[in-house]
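Structure first, then comments.
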Amino acid sequence: MTANGFWQIALILAVAFALSVPFGRYLARVFRNERTRLDPLMDPVDRLLGRIVGRRTLGMPMGWKEYAISMLVTNGLMGLLIYLILSGQGLLPLNPLKFPGLNPFLAFNTAASFITNTNWQNYSGETTLSLFSQMAAITFAMFAAAATGLVVAIAFFRALAAPADGGRNLGNFYQDFIRALTRVLLPLCLVITPVLVWQGSPETLHGLAVAHLVQGGVQRIPLGPVAGLETIKQLGTNGGGFFGANSAHPYENPTPLTNVIEILLMMLTSLSLVVTFGIMVGQRRLARVMYTVMALMLVVAIGVAVHAEQAGTPVLAGSGLMIHPGHGQMGGNMVGKETRFGITDSALFNTVSTAFTTGSVNSALDSYTPLGGMVSLVQMMLNCVFGGKGVGTLNFLMYGIFAVFIAGLMVGRTPEFLGKKIERREIVLAALALLVHPLIILLPTAWALASPGGVAALGNTASHGLSEILYAFTSAAANNGSAFAGLNANTPWYNTALGLVMLLGRYVSIILMLAVGGSLAAKPAVPSTIGTLRTDTALFGGFWFATIIVVGALTFLPALVLGPLAEFFLLYPHG
Amino acid sequence: MMHDLKAATILLLFLAALTGLVYPLAMTGIGREVFPARAGGSLMRVGGRVVGSRLIGQYFRGNGYFWSRPSATAPVPYNADGSSPSNLSPDNPVLLRHVGARVKALRAADPGARGRVPVDLVTSSGSGLDPDISLAAARYQLDRVAACTGIAKSRLQALLARYTSRPFAAFMGEPVVNVLAVNLALDRLRARHRPPGGGARGMCRRTPVSGRM
Chain A
0 MTANGFWQIA LILAVAFALS VPFGRYLARV FRNERTRLDP LMDPVDRLLG RIVGRRTLGM
60 PMGWKEYAIS MLVTNGLMGL LIYLILSGQG LLPLNPLKFP GLNPFLAFNT AASFITNTNW
120 QNYSGETTLS LFSQMAAITF AMFAAAATGL VVAIAFFRAL AAPADGGRNL GNFYQDFIRA
180 LTRVLLPLCL VITPVLVWQG SPETLHGLAV AHLVQGGVQR IPLGPVAGLE TIKQLGTNGG
240 GFFGANSAHP YENPTPLTNV IEILLMMLTS LSLVVTFGIM VGQRRLARVM YTVMALMLVV
300 AIGVAVHAEQ AGTPVLAGSG LMIHPGHGQM GGNMVGKETR FGITDSALFN TVSTAFTTGS
360 VNSALDSYTP LGGMVSLVQM MLNCVFGGKG VGTLNFLMYG IFAVFIAGLM VGRTPEFLGK
420 KIERREIVLA ALALLVHPLI ILLPTAWALA SPGGVAALGN TASHGLSEIL YAFTSAAANN
480 GSAFAGLNAN TPWYNTALGL VMLLGRYVSI ILMLAVGGSL AAKPAVPSTI GTLRTDTALF
540 GGFWFATIIV VGALTFLPAL VLGPLAEFFL LYPHG
Chain B
0 MMHDLKAATI LLLFLAALTG LVYPLAMTGI GREVFPARAG GSLMRVGGRV VGSRLIGQYF
60 RGNGYFWSRP SATAPVPYNA DGSSPSNLSP DNPVLLRHVG ARVKALRAAD PGARGRVPVD
120 LVTSSGSGLD PDISLAAARY QLDRVAACTG IAKSRLQALL ARYTSRPFAA FMGEPVVNVL
180 AVNLALDRLR ARHRPPGGGA RGMCRRTPVS GRM
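So the protein sequences, as listed, match chains A and B. So that you can map any letter, position 500 of the first sequence is 499 in numbering that gives the first Met the number 0, and since no number is skipped, the others follow by simple counting. So that you can map any letter, position 46 of the second sequence is 45 in numbering that gives the first Met the number 0, and since no number is skipped, the others follow by simple counting.
As structure tokens, this is what we get:
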């Protein structure tokens with residue numbers, strides 16, 4: 000890593016961490032329905048929504064089951080709406096390049112992908128989607144899916160806060176959903192989008208510019224409302240690009256400044272939610288422990304990825320290239336990377352994007368070094384290095400319940416977490432929530448590897464080919480959306496399989512986690528005694544971390560050995 | 000459930016209109032009023048005619064131009080209608096072949112060039128549309144461009160300095176040269192500096208390298 004690179008990373012992380020504290024407090028205010036400064040601006044919108052949805056609906060308290068049902072109904076309808084728009088875009092307005100509707104497999108995959116906050120894309124936006132689809136299907140889904148993840152975490156926090164009524168009131172889904180949009184996502188987008196436009200990201204209803212080149216010939220340059228999509232794509236940890244090349248495309252990410260802004264947007268809410276957790280549950284010390292463990296995992300991941308990419312590859316070094324940085328160039332593994340970002344800003348962006356399960360990329364992960372690519376893979380396998388909006392924090396808490404249980408067995412105490420006894424029901428639900436993830440990654444990967452159609456889609460061979468398939472299902476299960484994109488997954492089998500994995504990865508785990516919350520909320524609080532195993536200490540933080548690593552390693556190490564690790568040892572035979 | 004269905008439908012239709020239409024259309028309006036050129040794609044014009052975008056690279060391989068990076072877009076390099084990286088893994092033999100051929104093409108275009116080739120000049124980018132090359136990649140081509148345009152190296156160096164974007168706040172990002180902007184400037188200079196008749200070295204008469212690499 001270069002000195003310059005080190006200071007860039009340090010500064011960006013410092014700014015992100017510093018922003019998360021006030022923003023976390025703000026989120027707590029929003030979801031405790033306290034006054035915010037945006038009220039004068041947004042109250043009229045809320046009142047209008049209240050009138051059309053009905054005040055009774057918005058005021059109704061919900062238990063975990065009602066909350067989950069409202070969430071599922073809303074998301075199901077979202078999926079249907081998106082499916083219809085995508086299939087019927089040929090008949091809809093704002094289609095300057097006259098794109099036909101998507102086929103049913105691709106439309107299903109895309110709808111599933113965008114309602115689950117995954118944003119896996121088996122299409123290239125510039126050659127497939129009309130401007131109307133980019134706005135009314137994609138941009139809308141990005142807002143709604145992000146709001147869903149956010150409010151589920153909030154409902155879980157309310158359950159942990161042990162309400163006096165035993166968990167019959169986790170808030171109202173619709174009320175939370177509206178506030179997430181009008182108080183958090185929409186205002187930030189309105190401020191940030193013009194900054195991206197100022198830096199060069201287009202925002203226009205012209206679909207195409209045709210350039211007559213000085214060397215002869217023409218270049219067709221697709222345009223559209225790019226900047227507005229880009230902002231919510233990052234802020235909502237969605238990740239789906241307007242263009243096929245995602246945030247590597249100069250229109251999506253024109254300058255180093257937009258790169259920094261996009262990185263900060265990706266990190267903002269998931270970092271802040273840990274602070275919000277501390278405030279809403281009244282466990283600030285515990286929140287600090289959680290934040291520290293996750294931040295350490297993130298820093299290690301960034302360090303490994305940047306180092307691996309800056310070191311370059313034997314192919315490049317053996318071809319007589321300038322592999323070391325300096326003298327006006329960046330060196331390292333520049334395959335699939337943009338010069339304005341160089342090595343550091345590329346590896347940092349992608350590592351943050353897979354930690355926070357955004358899935359947007361500003362460089363081609365398929366061309367990363369074995370270890371650089373493995374960092375992204377591992378973060379999605381653990382799925383709790385801060386993680387996606389809402390669900391990342393919840394995954395981390397599931398590991399916490401697990402850690403408490405194991406520690407309780409080791410020292411012979413009744414496991415307690417947040418003042419509640421962890422009993423059979425909670426540990427079974429938490430274990431299921433954690434087991435779904437590897438199950439829907441490893442089984443379909445094995446299936447794809449054993450089927451001719453699965454292997455025929457590969458873009459690279461040998462260990463790296465295995466990594467491509469493993470990466471696809473890990474990304475889908477973690478609702479990330481990034482890809483080792485050499486894999487041609489736009490086939491009926493992959494569209495269906497990946498679509499199902501995305502849906503299971505999102506909703507099964509959310510429902511199980513809400514069930515854990517409901518179960519905990521219904522229990523009486525046990526007073527903390529001298530015999531209570533304290534969870535808000537550095538010692539337990541270390542144990543928590545060890546639990547995550549051990550569970551993750553036991554589950555995924557065999558697959559990693561066959562994929563990126565085998566590739567690493569073959570590529571660098573002499574160490 | 001039925002109650003939810005009705006509430007959710009109304010809410011979603013309204014929010015789809017708000018976030019999927021009102022928001023992007025409002026942003027489009029602001030873009031058009033405040034940053035019209037940038038909101039419209041940062042297009043560059045010569046004599047009123049659009050010749051490209053400052054942000055979208057083009058495939059320059061003429062010997063009197065600064066070459067852009069290789070591009071993996073299909074069916075032709077720098078196809079803005081299909082942004083794409085090569086997605087070749089580091090152990091893929093195709094990558095080794097491509098890099099080797101690109102180094103050879105560079106050396107053939109300027110047999111006098113010394114030193115190691117900057118990595119970015121022989122690797123394709125993440126978008127396939129990278130508008131920039133590193134400062135080193137531009138300097139590597141100075142001798143050839145000077146010989147083939149008849150413009151003095153010192154002038155070219157001044158030109159490069161003018162079209163280099165410095166990292167944000169002095170250290171965020173990399174110093175890079177915008178290839179289209181610098182080549183358009185070369186065209187303007189060349190109109191005033193005709194190379195001395197017949198004085199061009201042999202390499203300048205070569206036909207530009209074509210084909211996709």
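Even for Gly, the Cβ is constructed at its ideal location relative to N, Cα and C. Predicted model only: the values in this text are computed from it and were never measured.
Reduced DSSP category for residue i - H, G, I as helix; E, B as strand; rest coil
i                            : result
histidine 211 of chain A     : strand
glutamine 328 of chain A     : strand
proline 572 of chain A       : coil
lysine 419 of chain A        : strand
isoleucine 9 of chain B      : helix
aspartate 243 of chain B     : As shown, chain B starts at 0 and ends at 212. That puts residue 243 of chain B outside it, with no answer to give.
proline 313 of chain A       : helix
glutamate 33 of chain A      : coil
glutamate 251 of chain A     : coil
phenylalanine 167 of chain B : strand
isoleucine 153 of chain A    : helix
glutamine 218 of chain A     : strand
isoleucine 29 of chain B     : helix
aspartate 131 of chain B     : strand
serine 132 of chain A        : helix
arginine 68 of chain B       : coil
proline 95 of chain A        : coil
glutamate 202 of chain A     : strand
proline 74 of chain B        : coil
proline 84 of chain B        : coil
Neighbour flag for residue i against chain B, beta carbons, 9 Å
i                            : result
tryptophan 576 of chain A    : Outside the displayed range of chain A (0 to 574) lies residue 576 of chain A, so it cannot be described from this structure.
leucine 559 of chain A       : no
valine 303 of chain A        : no
glutamate 261 of chain A     : no
phenylalanine 404 of chain A : no
tryptophan 119 of chain A    : no
is_contact[residue i, chain A] using C-beta, thresh 9 Å
i                         : result
tyrosine 77 of chain B    : yes
isoleucine 150 of chain B : no
arginine 115 of chain B   : yes
arginine 31 of chain B    : yes
leucine 141 of chain B    : no
asparagine 182 of chain B : yes
leucine 14 of chain B     : yes
arginine 53 of chain B    : yes
aspartate 109 of chain B  : no
alanine 199 of chain B    : Residue placement at alanine 199 of chain B is flagged as unreliable, the pLDDT there being 49, under the threshold of 50; a coordinate-derived value is accordingly withheld.
asparagine 62 of chain B  : no
Residue interval of the beta strand (DSSP E) (run including residue i)
i                         : result
serine 375 of chain A     : Segment 369–381 is the alpha helix (DSSP H) holding serine 375 of chain A; no beta strand (DSSP E) there.
leucine 57 of chain B     : Reading off the sequence, residue 57 of chain B comes out as glutamine, not leucine. Segment: none, glutamine 57 of chain B is in no beta strand (DSSP E) and carries neither H nor E.
methionine 294 of chain B : As shown, chain B starts at 0 and ends at 212. That puts residue 294 of chain B outside it, with no answer to give.
serine 52 of chain B      : 48–52
Check: residue i C-beta below 8 Å from any heavy atom of the ligand NAP
i                      : result
leucine 105 of chain B : Summarising the ligand content, the structure contains no ligands, and the ligand NAP is consequently not present.
For residue i, the first and last residue of its enclosing alpha helix (DSSP H)
i                         : result
valine 299 of chain A     : 283–310
isoleucine 177 of chain A : 172–178
arginine 189 of chain B   : 178–191
isoleucine 322 of chain A : Careful: isoleucine 322 of chain A lies outside any alpha helix (DSSP H) and carries neither H nor E.
glutamine 540 of chain A  : For the record, residue 540 of chain A in the displayed sequence is glycine; it is not glutamine. Run containing glycine 540 of chain A: 537–559, per the alpha helix (DSSP H) assignment.
serine 518 of chain A     : 508–520
arginine 161 of chain B   : 152–161
serine 352 of chain A     : 343–354
serine 366 of chain A     : Run containing serine 366 of chain A: none; DSSP gives neither H nor E here.
Review point. On the three-pair Cβ rule with 8 Å, is the segment 277–293 of chain A touching the segment 315–322 of chain A?
Key: Not touching, per the Cβ criterion.
Check your understanding: Mind listing which residues of the segment 23–43 of chain A have their C-beta closer than 7 Å to chain B's C-betas, in chain order?
Key -> Listed in sequence order: no entries.
Practice item. Determine contact between the segment 27–41 of chain B and the segment 195–204 of chain A, defined as no fewer than three beta-carbon pairs at a distance below 8 Å. Key: Touching, per the Cβ criterion.
Exercise for review: Identify each residue in the segment 362–386 of chain A for which the Cβ-Cβ distance to at least one residue of chain B is less than 8 Å, and report them in chain order.
Suggested key: Of all residues in the segment 362–386 of chain A, Ser362, Ala363, Asp365, Ser366, Tyr367, Thr368 and Pro369 have a Cβ within less than 8 Å of some Cβ in chain B.
Practice item. Say whether the segment 460–478 of chain A touches the segment 73–86 of chain A, bearing in mind that this needs 3 or more beta-carbon pairs closer than 8 Å, one atom from each stretch. Key: Touching, no, given that fewer than three Cβ pairs across the two stretches are closer than 8 Å.
Review point. Quick one, which residues of the segment 145–173 of chain B are near chain D if we go by CB-CB under 7 Å, in chain order?
Key: No chain D is present in this structure, whose protein chains are A and B.
Review point. Counting pairs of Cβ atoms below 8 Å between the segment 330–345 of chain A and the segment 207–219 of chain A, do you hit three or more?
Key: No, the segment 330–345 of chain A is not in contact with the segment 207–219 of chain A.
Check your understanding: Counting Cβ pairs, one atom from each stretch, are 3 or more of them under 8 Å apart for the segment 392–410 of chain A and the segment 418–436 of chain A?
Key -> Using a Cβ-Cβ distance cut-off of 8 Å, the segment 392–410 of chain A and the segment 418–436 of chain A are in contact, since at least three pairs of beta carbons, one from each stretch, lie closer than that value.
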